[in-house]
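Peer 1: For the sequence shown, full-length UniProt numbering puts the final residue at 220, and the numbers step up evenly by one.
Note that the Cβ used here is the ideal one computed from N, Cα and C, for glycine as well.
Note that the coordinates shown come from a computational prediction; the quantities given were computed from them, not determined experimentally.
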Amino acid sequence: MANKGAHIITLIKKDLLLEIRQQYTFYGVLLYVASTIFVVYLSMGEPEPAVWNALFWVIQLFVCVNAVAKSFLQDNKGRMLYYYSIAGARDFILSKLIFNALLMMLMSLLSLFIFMLLLGNPILYLVQFIGLSFLGGIGLSFIFTFLAAIAAKAQQQAALMAIMGFPIIIPQLLLLGRIAKASFSPILQAGLWQMVLLLVGLDILIVLLAIILFPFLWKD
1 MANKGAHIIT
11 LIKKDLLLEI
21 RQQYTFYGVL
31 LYVASTIFVV
41 YLSMGEPEPA
51 VWNALFWVIQ
61 LFVCVNAVAK
71 SFLQDNKGRM
81 LYYYSIAGAR
91 DFILSKLIFN
101 ALLMMLMSLL
111 SLFIFMLLLG
121 NPILYLVQFI
131 GLSFLGGIGL
141 SFIFTFLAAI
151 AAKAQQQAAL
161 MAIMGFPIII
171 PQLLLLGRIA
181 KASFSPILQA
191 GLWQMVLLLV
201 GLDILIVLLA
211 IILFPFLWKD
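Right, dumping it as structure tokens:
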């Protein structure tokens with residue numbers, strides 16, 4: 001068990017060092033978020049809270065696609081063979097899930113800061129919204145890490161991810177948007193904690209599916 005934990009930590013450190021050295025993802029996503037929000041600001045000024053909320057989660061979706069979905073593209077066949085020789089399939093996919101979740105938490109925080117800087121702050125319960133943005137970022141990262149792992153083994157990776165991701169990600173975004181409404185209104189939303197538990201359940205389901213199914217891809 002300790003050996004497995006050491007493998008996971010080593011693989012996370014590897015991804016972190018690659019990200020620090022290359023920094024393509026971080027600065028590319030930062031530029032995308034800043035430019036998109038700035039264009040929205042020039043077009044419509046400070047939007048209504050409902051529009052602000054919808055824009056935030058849509059941009060989070062594209063941030064996740066840019067930051068997380070290509071995590072497997074930088075690993076060529078030779079490197080994957082090396083990983084196969086030193087670590088198990090579950091160690092590898094868990095390290096990817098954890099690293100991408102941490103990356104999306106950072107990106108969510110940066111996105112929220114830029115949103116509040118340029119589009120104002122209509123949020124009444126900021127701490128609650130920050131917690132939800134972390135939970136939403138983690139959920140989105142789990143989904144796209146799982147999809148990227150499947151698509152990396154196939155041709156036409158971008159098309160495959162779009163086809164598989166659409167029916168999964170739309171309910172997730174709608175659920176996040178509904179939960180987030182509670183942060184903009186002083187009125188207690190009915191069924192709020194049930195929706196939060198449903199969101200957590202979906203995240204756990206994705207992790208379990210990744211742990212169960214990825215070893216079959218790993219052997220290919």
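1) Going residue by residue through the region 78 to 155, where are the continuous alpha helix (DSSP H) segments of at least 4 residues, counting only ones entirely within it?
2) One question on the structure: do residue 112 and residue 138 come within less than 8 Å of each other, judged by their Cβ atoms?
3) Between residue 133 and residue 101, how many whole angstroms is the CB-CB distance? I'm expecting something under 8 Å.
4) Whose C-alpha, out of 124, 176, 211 and 185, is nearest the C-alpha of residue 197?
5) Please classify residue 228: is it buried, with 16 or more other beta-carbons within 10 angstroms of its beta-carbon, or exposed?
6) Please report the residue range of the alpha helix (DSSP H) in which residue 204 lies.
7) Are the region 87 to 102 and the region 7 to 16 touching, with three or more C-beta to C-beta distances below 8 Å?
8) Have a look at residue 49 and residue 64 and give me their C-alpha separation to the nearest angstrom.
9) Taking contact to mean at least 3 C-beta pairs separated by less than 8 Å, is the region 114 to 125 in contact with the region 31 to 43?
10) Enumerate in chain order the residues of its own chain whose CB-to-CB distance from residue 202 is below 7 Å, with the five nearest sequence positions on each side excluded.
Peer 2: According to the structure shown:
1) 89 to 119 and 126 to 151
2) Start at 1 with the first residue of the sequence shown, and residue 112 comes out as number 112. Start at 1 with the first residue of the sequence shown, and residue 138 comes out as number 138. No.
3) By 1-based counting over the sequence shown, the position of residue 133 is 133. By 1-based counting over the sequence shown, the position of residue 101 is 101. So it is not a contact: roughly 13 Å between Cβ atoms.
4) In the sequence shown, counting from the first residue as 1, residue 197 sits at position 197. That would be 176, whose Cα lies nearest to the Cα of residue 197.
5) Shown here, the chain extends from 1 to 220; a query on residue 228 therefore has no answer.
6) The residue you call residue 204 lines up with position 204 of the sequence shown. Element bounds for residue 204: 192 to 218.
7) yes
8) Your numbering for residue 49 matches position 49 in the sequence shown. Your numbering for residue 64 matches position 64 in the sequence shown. Rounded to whole angstroms, the separation of the alpha carbons of residue 64 and residue 49 is 23 Å.
9) yes
10) Indexing the sequence shown from 1 puts residue 202 at position 202. Hits under 7 Å: 139 and 172.
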